[in-house]
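Participant:
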Amino acid sequence: MKDIIRQISYICHHIDHIQPSSLVVQPGQSLTITCQVSGYSLTDSGYGTGWIRQREGKLLDWIFYIWYDGNTYQNDALKNKFSMSRDTSQLYLQMNSLKTEDSAVYYCARNPQLTNLTVSVLQNPKSKLEY
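Residue 0 is where the sequence shown starts when you use numbering that gives the first Met the number 0, and the numbers rise one by one after that.
#1: Cβ of Y105 within 8 Å of Cβ of R52?
#2: According to the Cβ coordinates, are I32 and G49 closer than 8 Å?
#3: Terminal residues of the continuous beta strand (DSSP E) containing L58?
#4: If you drop the 5 nearest sequence neighbours on each side, which residues of the same chain put their C-beta closer than 8 Å to that of G45?
#5: So the beta strand (DSSP E) G49 belongs to, where does it begin and stop?
#6: Does L92 come out as helix, strand or coil in the three-state DSSP assignment?
#7: Write down the C-beta distance between Q35 and S88 rounded to the nearest angstrom, noting that I regard them as a contact closer than 8 Å.
#8: Between N79, E55, Y39, which lies nearest to N110 when the distance is taken from Cα to Cα?
#9: Taking the alpha-carbon of Q25 as reference, which of Q93, C107, T99, F63 has the nearest alpha-carbon?
#10: So the candidates are G56, S37, Q93; which of them puts its Cα closest to the Cα of S84?
#11: For the beta strand (DSSP E) containing Y39, list its first residue and its last residue.
#12: Just to check, is the beta-carbon of Q25 closer than 7 Å to a non-hydrogen atom of the ligand ZN?
#13: In its own chain, which residues sit with a C-beta less than 6 Å from the C-beta of Q28, not counting the 5 before and 5 after it?
#14: Return yes when the Cβ of Y72 is within less than 8 Å of the Cβ of F81, no when it is not.
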């Protein structure tokens, strides 16, 4: 646990989501979330950027991580659910066939930075945000 806290404490600088702080979708829908960076390029040497999620009451799940040179880490347990792409200033996470258990806070992280977006998958949402 100390390692996780230590890793998270390193995080916070030039990453900004370009979406609202939370989204609500229905089960079965797909969603792409975007992380915008500034002050550096996602291809700058020595850095990696990726997506992490934390479901309520659960540990952090690493989803994807991509290094500046294009090498990637992918969570095998989530590979059929998520895909990731990027350009030099934006990182995208495509989420497919969402289920209620995919409700989580999704973090865009660069060592050593972090930002987040809450995604809720609800059976009968009272309101719905669309893009």
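Note that CB positions come from ideal geometry on N, CA and C, so glycine has one too.
Facilitator: So, from the data block:
#1: To locate residue 105, count along the sequence shown from 1; it is residue 106. To locate residue 52, count along the sequence shown from 1; it is residue 53. Contact flag set, yes.
#2: The residue given as residue 32 occupies position 33 in the sequence shown. The residue given as residue 49 occupies position 50 in the sequence shown. I32 places its beta carbon 8 Å or farther from that of G49.
#3: The residue given as residue 58 occupies position 59 in the sequence shown. Segment: none, L58 is in no beta strand (DSSP E) and carries neither H nor E.
#4: As a working note, residue 45 is residue 46 in the sequence shown. Result list for G45: Y67, in chain order.
#5: To locate residue 49, count along the sequence shown from 1; it is residue 50. Per DSSP, the unbroken beta strand (DSSP E) holding G49 starts and ends at 47–53.
#6: The count along the sequence shown starts at 1 and reaches residue 92 at position 93. Looking at L92 - three-state DSSP - the assignment turns out to be strand.
#7: Mapped onto the sequence shown, residue 35 falls at position 36. Mapped onto the sequence shown, residue 88 falls at position 89. Their Cβ separation, rounded to whole angstroms, is 6 Å, which keeps Q35 and S88 in contact under 8 Å.
#8: In the sequence shown, counting from the first residue as 1, residue 110 sits at position 111. The candidate whose alpha carbon is nearest that of N110 is Y39.
#9: Looking up residue 25 in the sequence shown gives position 26. Per the Cα distances, T99.
#10: Your numbering for residue 84 matches position 85 in the sequence shown. Ranking G56, S37, Q93 by Cα distance to S84 puts Q93 first.
#11: Against the sequence shown, residue 39 aligns to sequence position 40. No beta strand (DSSP E) contains Y39, which DSSP labels as neither H nor E.
#12: Summarising the ligand content, the structure contains no ligands, and the ligand ZN is consequently not present.
#13: Here residue 28 corresponds to residue number 29 of the sequence shown, with the count starting at 1. Excluding positions up to five away in sequence, the list reads L97.
#14: The count along the sequence shown starts at 1 and reaches residue 81 at position 82. The count along the sequence shown starts at 1 and reaches residue 72 at position 73. Contact: no.
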